[in-house]
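In this text, residue positions in the sequence shown follow the working numbering: the first is 4, and each later residue adds one. Yeah, the Cβ is synthetic: ideal placement off N, Cα and C, and Gly gets one too.
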Amino acid sequence: MSWMNDLYVIYQKLDANSCEEVKHDILKAQIDGCNRGEIYFLVLQQLVHIKQEKAPVYELIKGEVDSIIHYSSMQYRH
Numbered sequence: 004m005s006w007m008n009d010l011y012v013i014y015q016k017l018d019a020n021s022c023e024e025v026k027h028d029i030l031k032a033q034i035d036g037c038n039r040g041e042i043y044f045l046v047l048q049q050l051v052h053i054k055q056e057k058a059p060v061y062e063l064i065k066g067e068v069d070s071i072i073h074y075s076s077m078q079y080r081h
């Protein structure tokens, strides 16, 4: 599965749980990127921040966040 698919699920879960501020922060990172790699890196930074600083929100999106983080490690194994 593409990390973008996981990101879409994250947005749905954040919407369903009224986490607009967190969604906005991730969307801003996504928009600020110039290319797919930079977008991924900026979004990943936001997700790691959520994992470290916003535990209740992280619990809502844990599976998708961990999948996106795992995606980066898979890119360097080939």
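Sequence-distant Cβ neighbours of residue 12 in its own chain, meaning closer than 6 Å and more than five residues away, are 67.
CA-CA distance, residue 9 to residue 23, rounds to 17 Å. Here residue 45 is actually not in contact with residue 72; their C-beta atoms are around 14 Å apart, not less than 8 Å.
Burial is judged here by how many other beta carbons sit within 10 angstroms of a residue's own beta carbon; residue 58 has fewer than 16 and is exposed. The beta carbon of residue 6 lies closer than 6 Å to those of 71, 74 in the same chain, with the five residues before and after it left out. Where residue 38 is concerned, there is no enclosing alpha helix (DSSP H), because DSSP gives it neither an H nor an E.
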